[in-house]
Each structure stands twice: as structure tokens, then as C-alpha cells.
Amino acid sequence: MTLVLNLILVVQILAAMAMVGLILLQHGKGADMGASFGSGASGSLFGATGSANFLSRSTAAAATVFFVCTLALAYFGTRPADSGGGLMGELAGKTVAAPQGASAASRPAPAGSQGGLAQIPGSAKAPSSSSAPVKAKP
């Protein structure tokens, strides 16, 4: 799976670099005004208007490849791992055995716990109602 992610990442970086280069090669809309007054920009490799179509279509193709790679990386990056939860997932099904020679009854309870119970909210014993009767108000 990491090979596929690395391949997609390389293609995305190449598409981004191609887009930067293609965008920098294009001339702005104000450059056409200079060509009409004879600045010499009209004598290019692709002709007067041929470069605009070629460069803009190449930029659109590079942008499409870039966005497809971005979506693929986002999809593969949010998928759950195939390992099954890592170390905590592996330890969830296993029980920890007590050391030999020590039983649960012989070990002292931790300080602040009630009968070996951990300090869990709501696990405290409620006071018994038989200790003092409550008188009803008239």
C-alpha cells in the first residue's frame, strides 16, 4: 500500500511542478496589446494564437492530474489501517496473569479504593438508609 501512496505522491509533485512551469510560460491578457503594436511577441514558436491554446490545455490537463492525485491521497489517507488496531488492539483480547505466589486476596488494596475497586465515578457505595430515619415535613 505504501508503494501506491508513494507513486501517487510522486505523480502529484510532478503535476504541480508542470503546472507552475506552464503557468509561468503563459502570457497575460495585456501582452496581446503589445503584440498588436509590433513588439515582436507574435513571432513565437506556436504562432500568434497557437501557444495560448496549447499552454492552456496543457495546464488544464496537469491541473486535472493534480486534483485526481489529491483526491486519491485523501481517500487512502483516511482509510483505517489493515493491522487491526495496533498494539492496543492486540492486547485487548489477552489477560494479564498474576505473578506466581501472589493471589488477589493477599495483595493489599490501593490507597483510596473501596474493596479493590478503582476510583470510577459512580462506583462509590451509597449510604444506607437504615442509619437515620428521615422525618417528613408537614
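Positions 768 to 905 (the numbering used here) are the ones given, in order, by the sequence shown. Beta carbons are placed, not taken as given, at the ideal position from N, Cα and C, and that holds for glycine.
Local Cβ density within 10 Å of residue 843, reported as buried at 16 or more and exposed below that: By the neighbour-count rule (16 or more Cβ atoms within 10 Å), residue 843 is not buried but exposed.
Does the distance from the CB of residue 840 to the CB of residue 790 come in under 7 angstroms? The answer is no: Cβ separation not under 7 angstroms.
Give the secondary structure of residue 867 by DSSP, where H, G and I count as helix, E and B as strand, and everything else as coil. Coil.
How would you label residue 937, buried or exposed, when you count the other beta carbons within 10 angstroms and need 16 or more for buried? This structure leaves residue 937 out entirely; the chain is present only between 768 and 905.
Inter-residue Cα distance where the pair is residue 768 and residue 846: Going from the Cα of residue 768 to the Cα of residue 846 covers about 11 angstroms.
Span of the alpha helix (DSSP H) holding residue 769? 769 to 792 is the extent of the alpha helix (DSSP H) around residue 769.
What would DSSP say about residue 844, mapped onto helix, strand or coil? DSSP, reduced to helix, strand and coil, places residue 844 within a helical segment of the structure shown.
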